[in-house]
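Residues 2 to 932, numbered by the working numbering, are exactly what the sequence shown covers, in order.
These notes are about the structure you will find just below.
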Amino acid sequence: MEATQYPAHWEADVVLADGGTAHVRPIRPADADRLRAFYSRLSAESIYFRYFGPRPRLSDKEVAFFTNVDYVDRVALIATIGTEMVAVVRYDRVDPAEAEVAFLVEDAHQGRGVASVMLEHLAATARERGIETFIADVLPANMRMMGVLRQVGYTAQSRFADGVVRMTLDLTPTETSAEVTASREHRAEARSIARLLTPGSVAVIGASREPGGVGQTVLRNLLAADFTGPVYPVHREVRAVAGVRAYPSVKDIDGEVDLAVLAVPADSVIDVVKECAEKGVRGLVVVSSGFGETGSKGRARQDELARIARAYGLRVVGPNCLGIANTDPSVRLNATLAATVPGRGRVGFFSQSGALGTALLQRVAQRGIGISSFVSAGNRADVSGNDLLQYWEEDEATEVILLYLESLGNPRKFTRLARRISRGKPIVVVKSGGTTQGVPIGHSASALRLQDSALSSLFEQAGVIRVDDLIQLFDVGQLLACQPLPAGPRVGLVSNSDALGLLAVDACVSAELEPRPPVNLGATAGAAEFGTALAGVLADPDVDAAVVIYMPPIPGDARSVAAELVRVSREAGKPVLATFEGQLGMPPELRTDPDALPERGSVPSYAAPEEAVRALAHVVRYALWRKQPHGAPPELDHLDTEAARAIVETTLAAAARAAVPDQATAAPPPALEATEGTGPAAIPDQAGSIRPAVSEPAVAPEPVDSVGVGPVEIDATELLACYGLTVWPAEVVATPEEAVAAAERLGWPVVLKAADPEAAKRAGTVRLGLTSAAAVRHAYADLAGQLGADVVLAVQRMAPQPAVPTVVNVLEDPAFGPVVSFGLGEVTARLLRDRGFRLAPLTAEDAAGLVRSVRAAPLLFGEYGYPPVAVGALEELLVRVGRLANDLPEVSRLDLDPVLVGESEVLVLGARAVLRSPEGPRRDGGPRRLA
2 MEATQYPAHW EADVVLADGG TAHVRPIRPA DADRLRAFYS RLSAESIYFR YFGPRPRLSD
62 KEVAFFTNVD YVDRVALIAT IGTEMVAVVR YDRVDPAEAE VAFLVEDAHQ GRGVASVMLE
122 HLAATARERG IETFIADVLP ANMRMMGVLR QVGYTAQSRF ADGVVRMTLD LTPTETSAEV
182 TASREHRAEA RSIARLLTPG SVAVIGASRE PGGVGQTVLR NLLAADFTGP VYPVHREVRA
242 VAGVRAYPSV KDIDGEVDLA VLAVPADSVI DVVKECAEKG VRGLVVVSSG FGETGSKGRA
302 RQDELARIAR AYGLRVVGPN CLGIANTDPS VRLNATLAAT VPGRGRVGFF SQSGALGTAL
362 LQRVAQRGIG ISSFVSAGNR ADVSGNDLLQ YWEEDEATEV ILLYLESLGN PRKFTRLARR
422 ISRGKPIVVV KSGGTTQGVP IGHSASALRL QDSALSSLFE QAGVIRVDDL IQLFDVGQLL
482 ACQPLPAGPR VGLVSNSDAL GLLAVDACVS AELEPRPPVN LGATAGAAEF GTALAGVLAD
542 PDVDAAVVIY MPPIPGDARS VAAELVRVSR EAGKPVLATF EGQLGMPPEL RTDPDALPER
602 GSVPSYAAPE EAVRALAHVV RYALWRKQPH GAPPELDHLD TEAARAIVET TLAAAARAAV
662 PDQATAAPPP ALEATEGTGP AAIPDQAGSI RPAVSEPAVA PEPVDSVGVG PVEIDATELL
722 ACYGLTVWPA EVVATPEEAV AAAERLGWPV VLKAADPEAA KRAGTVRLGL TSAAAVRHAY
782 ADLAGQLGAD VVLAVQRMAP QPAVPTVVNV LEDPAFGPVV SFGLGEVTAR LLRDRGFRLA
842 PLTAEDAAGL VRSVRAAPLL FGEYGYPPVA VGALEELLVR VGRLANDLPE VSRLDLDPVL
902 VGESEVLVLG ARAVLRSPEG PRRDGGPRRL A
């Protein structure tokens with residue numbers, strides 16, 4: 002087969018098992034010299050394992066054969082670090098659905114997870130080309146390669162014959178393979194951040210003698226924090242900075258450099274990155290500005306920074322960032338522009354804003370909240386919040402995660418990670434841009450298309466605590482860092498002020514908490530009274546948390562009261578919050594040790610009772626989410642996913658043929674001549690054994706290229722049937738007599754309505770309960786007069802009543818992937834946009850939560866005069882729709898409108914779908930790759 006166009010979408014930056022990076026891409030003819038150099042660095046053992054015998058060099062014919070592939074039947078991917086090839090994997094199709102596969106990794110990079118990640122990418126390319134099975138012949142002594150093939154998670158079989166182990170891999174993705182990929186991704190990305198936050202040495206490149214300069218500020222902050230390793234100022238002209246010996250270049254530094262902080266002009270950054278790569282630096286923090294925030298030229302420079310750094314194996318924080326910090330006593334890293342960094346604590350803090358970062362750190366320090374580590378990503382060219390989530394999940398010193406986000410680079414991955422991590426560690430998020438969903442200039446991310454309420458719903462599904470502002474971020478964070486989670490929403494109140502106690506009660510009711518009558522101790526109450534009252538409240542089995550208000554009108558023994566609150570709180574095991582003399586944060590007297598940073602058991606204080614209650618309400622909702630079973634998407638019966646896939650592909654292929662009439666009838670190109678000969682000189686096959694060369698490789702049937710086709714709107718009845726869902730039958734009619742005949746076939750009574758789904762939503766376009774031919778004729782004339790003589794109408798049998806109309810939609814969002822939305826179908830609910838959202842696929846718990854997330858949900862449960870309806874059947878429908886959405890990325894939109902939920906069943910009265918060929922894999926689908 003003739004070589005197809007170079008598949009650029011197969012290129013990817015990947016994180017290796019040790020936290021370094023590499024670039025994976027298809028091989029090209031221009032890689033001939035690179036292949037020769039790579040081969041020259043291989044050990045005799047690696048060559049023997051690959052070719053089953055000695056092969057000291059590759060001939061020119063072999064090099065040409067290996068570097069000239071058609072990207073269909075013969076595919077090779079290479080991994081590069083810098084300018085050098087470090088690995089190659091390849092397959093040769095031997096049958097329409099089967100290919101032989103082989104790997105070769107440079108000795109110096111074996112054990113870094115190169116082969117594993119490249120196998121993921123090669124399998125994805127193979128599936129794209131219709132290959133279902135890989136075959137590999139491996140020598141028994143090559144245990145490492147057999148481990149790679151067995152541990153990937155695909156269904157594998159092996160047999161031994163003629164001194165070779167033949168391994169067969171079914172490339173169908175499995176639950177195990179998905180878990181293996183996610184686990185490897187997690188470990189690799191966590192290690193890549195650990196390399197940044199736990200360096201053994203730091204170079205500050207651009208550290209000048211200029212007072213207040215960016216580089217000198219970072220250097221002085223590193224020294225002031227007493228960083229535990231050597232610090233190297235780099236400046237081309239001076240001998241010392243801040244009393245520390247300076248070096249003209251990072252390459253001139255005598256010792257190893259783990260982390261480099263770049264404070265040089267933007268147009269010099271790329272050259273410095275390359276110098277750092279040559280030196281063996283493991284990570285970069287770029288505080289320099291002049292990148293994406295300055296416009297198109299700066300954005301191009303920023304993209305080049307990320308590309309070059311990743312290509313050379315480096316992760317980058319920034320550019321235009323505040324820096325990073327780690328309070329671990331064994332590290333003591335303050336590589337930031339902020340002179341004030343909070344002390345040691347249990348909170349991991351991520352901020353995208355560099356300008357805001359200093360103020361945020363000061364506010365955290367003022368509250369007395371300690372942090373474990375801090376990262377300011379700035380323009381987020383590379384390292385993002387997702388990377389930090391992976392790291393903090395593993396970091397034992399981090400118990401609470403605070404995120405200030407201005408953009409989301411890979412939202413679907415964020416929700417996947419957050420859903421997993423939130424089960425053990427709370428994540429509190431402030432997401433700016435809620436009214437516009439815009440992205441700050443310079444950020445390497447796209448604006449979100451989903452409305453902000455949908456984003457909140459998806460965060461809720463993932464267990465993320467979303468708050469409105471930075472004050473709430475810290476209010477919630479200090480509670481989570483110091484107090485246990487509440488078991489429920491019941492709140493006890495202890496106060497020395499009637500007025501403040503009533504304010505707290507009102508705040509609880511507004512926050513949907515359940516306040517108990519406040520215990521008012523009076524203005525003169527002291528430590529003994531507060532201790533006794535609080536102990537009594539917490540001992541009540543009907544109390545899950547307590548809010549204490551201590552606002553004496555005249556000065557009292559505040560320290561004794563505080564000590565008593567801390568003592569009782571620690572003994573009770575229930576969360577206690579306070580409004581203690583209006584103080585905000587973690588005042589020393591409310592800490593378990595007044596002379597140390599706040600530990601577990603310290604009592605957080607808030608300026609007003611309403612603020613304490615608001616923070617508690619967020620934590621109560623999170624605690625209830627954690628207690629719920631999370632489950633997995635259930636196994637469903639009556640599914641025919643192959644038929645659904647055929648419907649989608651056939652429809653899009655037909656649309657492609659209509660767009661390009663000669664595409665499907667063009668003659669196939671001639672086969673590629675592989676080589677000559679059938680003896681020992683023949684080309685080695687992809688598993689390393691010698692086999693005869695063939696002049697015409699086996700090829701799979703070539704599908705019509707439907708990439709970019711769409712949108713194509715279809716009736717979704719047949720598609721839904723593949724997922725066990727039936728659409729209530731309807732017939733389109735063009736005359737009154739056709740309408741009467743359709744009614745006779747469908748059964749009386751019937752409905753006559755506009756066939757156009759959008760027109761049918763308008764008031765007055767539906768006629769219900771028609772029981773006779775005369776009624777149908779009259780209704781037809783009425784609607785034709787209202788909508789025009791050429792209107793297209795539809796007849797549908799009247800659905801059983803009573804029933805509640807609802808609407809179910811699916812949207813294939815470019816950032817989040819498939820999103821299922823639900824709401825009631827009544828006009829008021831539509832006008833108020835009362836809708837809930839969940840990412841597909843849905844678990845049973847997701848479906849139940851989605852139904853109950855809308856404000857009008859009580860109408861489904863027998864309230865306000867409505868009869869109880871079949872909510873269970875509705876939830877099953879949502880699960881099935883979610884499965885369809887997850888299986889078929891080509892379904893750009895699916896509208897089930899209306900869906901009538903009756904007393905015993907759910908009826909879909911209308912269903913339309915819009916199909917579109919996806920531009921590539923989903924953001925969080927396919928093999929591991931950096932965004």
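Every residue gets a Cβ at the ideal spot worked out from N, C-alpha and C, and that includes glycine.
Across the structure, R311 and G319 are spaced so that their CA atoms are roughly 13 Å apart.
Counting along the chain, G478 sits inside the alpha helix (DSSP H) bounded by residues 471-483. The shortest C-alpha to C-alpha distance from A508 to any of L522, A722, V492, N521 is the one to V492. Going by DSSP, H24 is part of no alpha helix (DSSP H) but of the beta strand (DSSP E) stretching over 22-27. Under DSSP, Y248 takes part in a beta bridge, and its partners are V235.
For T580, the beta-bridge partners assigned by DSSP are I550. Excluding the 5 residues flanking it on each side, G632 has same chain C-beta neighbours closer than 7 Å at T844, A845, E846, in chain order. In this structure, the straight-line span from the alpha carbon of Y72 to that of A98 is close to 15 Å.
Remark: three or more beta-carbon pairs, one from each stretch, lie closer than 8 Å, so the segment 549-563 and the segment 494-512 are flagged as touching.
Around the beta-carbon of S297, fewer than 16 other beta-carbon atoms lie within 10 Å, marking it exposed.
When C-beta atoms of the segment 898-918 are compared with those of the segment 723-733, three or more pairs fall below 8 Å, so the two segments count as touching. With a threshold of 16 other beta carbon atoms within 10 Å, D469 falls short and is exposed. In this model, T416 and D272 are separated by some 36 Å (Cα to Cα). Fully contained in the segment 87-140 are the following beta strand (DSSP E) runs of length 3 or more, in chain order: 99-106, 134-139. A direct Cα-Cα distance of roughly 25 Å separates G527 from E600. Every alpha helix (DSSP H) stretch that sits fully inside the segment 473-537 and reaches 4 residues is listed by chain position as 499-511. Taking the CA atoms as reference points, S408 sits about 8 Å from K432. Annotation for Y865: no beta strand (DSSP E) segment contains it, and DSSP assigns it neither H nor E. Taking C-beta atoms as the reference points, P343 and V365 count as a pair closer than 8 Å. Shown here for A804: same chain residues with a beta carbon closer than 8 Å to its own, the five before and five after excluded, namely V870, L901, V902, G903, E904, L908 in chain order. Within the same chain, Cβ atoms closer than 8 Å to the Cβ of E211 are found at Q217, the five residues on either side in sequence being excluded. Under the DSSP assignment, M168 falls in the beta strand (DSSP E) whose first and last residues are 165-171. The alpha carbon of V544 has as its nearest neighbour, out of L486, K754, Y865, the alpha carbon of L486. In this structure, the beta-carbon distance from G371 to R347 falls below 8 Å.
When secondary structure is reduced to three states using DSSP, N887 falls in the helix class. Per the coordinates, the alpha-carbon of E719 lies some 21 Å from the alpha-carbon of L794. Counting along the chain, R56 sits inside no beta strand (DSSP E), nor does DSSP assign it H or E at all.
Each of L285, T295, T580, L223 was checked against the Cα of V332, and the nearest Cα belongs to L223.
In the DSSP assignment, K575 falls outside any beta strand (DSSP E) and carries neither an H nor an E. Taking a C-beta distance under 8 Å as the contact criterion, P899 and T807 qualify as a contact pair. Distances from the CA of L833 to each of V821, A857, D814 were compared; the closest alpha carbon is that of A857. Taking the CA atoms as reference points, E876 sits about 6 Å from A849.
In this model, L625 and P490 are separated by some 9 Å (Cα to Cα). In this structure, P266 lies away from S250, with their beta-carbon atoms at least 8 Å apart.
When the five nearest sequence neighbours on each side are left out, the beta carbons in the same chain lying within less than 6 Å of the beta carbon of A488 are those of D545, in order along the chain. Membership of L357 in the alpha helix (DSSP H) is indicated by the continuous run 355-368.
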